[in-house]
Amino acid sequence: METTSEPPAFNLTDTDREVLAMTDDQFVPHDWDNLKDIIARNDLGALKRKPSDLVRYLSWSRDTKAQYGSITNFICKRRLGWHLPEPAGTSDSSGTAVADSEPVFPYNNPIPFADPSDYKILRNDWPYGLAPGIAHLCVWLRTPVPVQEHGGDLTEESRALIEGFVLRTFVDRLAREGYSNPEDHVLWFKNWTALQSVRSLEHIHVLVRDVPESILFEWTQEPPRDGVPN
C-alpha cells in the first residue's frame with residue numbers, strides 16, 4: 001500500500017492503484033502464457049509490478065528526480081553513459097526559440113537498430129512482477145522510433161523494424177545456443193506514450209524465458225542488479 005501522501009512521481013494508472021491496495025502475498029506474478037496473452041492483445045496497461053516493488057519504484061523515482069532533475073538525466077548519466085543534449089528547439093511567430101518536450105540525441109544512422117552504437121541493451125532496474133525464470137531487459141535507443149500520431153502506438157513500419165531486431169539479436173542467439181523453439185523464449189513490447197514512465201528516452205522492452213546468466217551478460221554486459229539502482 002502506498003505509504004506517502006506526496007504526489008506520485010508519475011501518473012498512476014488504475015492498475016497501479018489496484019496493485020497499491022494489495023499485499024505481496026495477494027499479488028500473482030505474470031507467467032509466460034499470461035505475458036504472451038497481454039502482449040498479443042496489446043493490453044499493456046495490464047502489466048503490473050509487485051506491490052512492494054511499485055512502492056519502492058515510486059519512492060526511488062521521486063528521490064531520483066529530486067537529485068538528477070529527471071529520470072532521463074539519471075538513466076543517461078548513470079546507466080547509459082550518454083550525454084544528454086539540450087532539448088530540440090523551434091521558433092514561435094516572433095522568432096523566439098521554444099523548447100520541445102524531448103531531447104534529440106545524435107545518432108549515426110536514422111534507421112532504428114541499424115548501428116549498434118545507437119542503442120544499448122540493459123537489464124530493467126524495475127521489472128514487472130514476473131514468474132521465476134523470466135528476465136526483463138530494455139533496449140535504449142538514440143534513434144527515434146516513429147509512432148502513430150493518435151495514441152502513440154507503433155506504426156506498422158516501426159513494428160517490423162523492431163521484430164527484425166529482436167529476431168536477429170535475441171531469437172537467433174538462442175537458436176545458435178540450441179534452443180529447439182527459440183521464438184517461444186522471447187517476447188517484446190513498446191509501451192504507448194500514455195503508459196511510459198520515461199517518455200523522453202526511446203526504449204523497447206524485451207522479456208526472455210529460461211535464458212542462462214551467461215547469455216544475459218552477453219547481451220547487457222552487466223551482472224544481475226540487486227537492490228535500488230544508484
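Sequential numbering of the sequence shown, starting at 1, is according to the UniProt record's numbering. Positions of the beta carbon are idealized from the N, C-alpha and C atoms, including for glycine. Here the structure is a predicted model, which is why all the values come from computation and not from measurement.
DSSP places residue 126 in no beta strand (DSSP E); its state is neither H nor E.
The C-beta distance from residue 146 to residue 157 rounds to 7 Å, short enough to fall under 8 Å. For the stretch 128–178, the full-length alpha helix (DSSP H) segments reaching 4 residues or more read 156–166, 172–177 along the chain. Residue 54: member of the alpha helix (DSSP H) spanning 51–68, first to last residue. A distance of 7 Å or more separates the beta carbons of residue 126 and residue 179. DSSP lists 137, 188 as the bridge partner or partners of residue 206. The continuous stretches of alpha helix (DSSP H) do not include residue 111, and DSSP gives it neither H nor E. In the structure shown, the three-state DSSP call for residue 120 is strand. Take the alpha-carbon of residue 105 and the one of residue 29: they are about 36 Å apart. Residues 186, 206, 208 of the same chain have their beta carbon placed closer than 7 Å to that of residue 170, with the five preceding and five following residues left out of the count. Contact between residue 50 and residue 133 is ruled out by a C-beta separation of about 16 Å, above the 8 Å threshold.
Straight-line measurement puts the Cα of residue 123 at about 17 Å from the Cα of residue 48.
Residue 161 sits close to residue 112, with the two beta carbons spaced by under 7 Å. Using a 10 angstroms sphere on the CB of residue 77, the tally of other CB atoms stays under 16, which defines it as exposed.
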